[in-house]
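Count the sequence shown with our numbering and you get residues 112 to 190, in order.
No residue lacks a Cβ here, since even glycine has one placed at the ideal position from N, Cα and C.
As the structure is a computational prediction, the values presented were derived from the model and not from experiment.
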Amino acid sequence: MEPQHYEDLVRRLVSITVHQDHINDDLRACVQEQREFNRQQVEINQRLTAAIERLDVTQARIEVLLSRMLGQGDNGQEA
112 MEPQHYEDLV RRLVSITVHQ DHINDDLRAC VQEQREFNRQ QVEINQRLTA
162 AIERLDVTQA RIEVLLSRML GQGDNGQEA
């Protein structure tokens with residue numbers, strides 16, 4: 112292999128390596144951002160689950176109250 116060809120090859124390999132290092136840095140940043148997003152999403156999901164549970168309890172209480180109110184006739188007895 113001629114020296115010039117060898118030097119060109121080494122330069123190209125160094126260039127590829129530098130480019131790959133930049134890609135790796137970008138990927139690491141993306142992974143970190145995704146981890147933060149996932150952490151926030153888990154927190155949001157937990158809050159939503161708790162809110163839905165509270166709504167289910169509230170809905171059940173309203174249904175009980177409505178059935179009691181609607182279940183009585185004019186004379187105060189159940190229909």
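Counted as a single uninterrupted DSSP element, the alpha helix (DSSP H) harbouring E154 occupies residues 114-181. Spanning the alpha carbons of H116 and S126 requires a straight line of approximately 15 angstroms. Inter-residue distance for D167 and L176 is about 14 angstroms (C-alpha atoms, whole angstroms).
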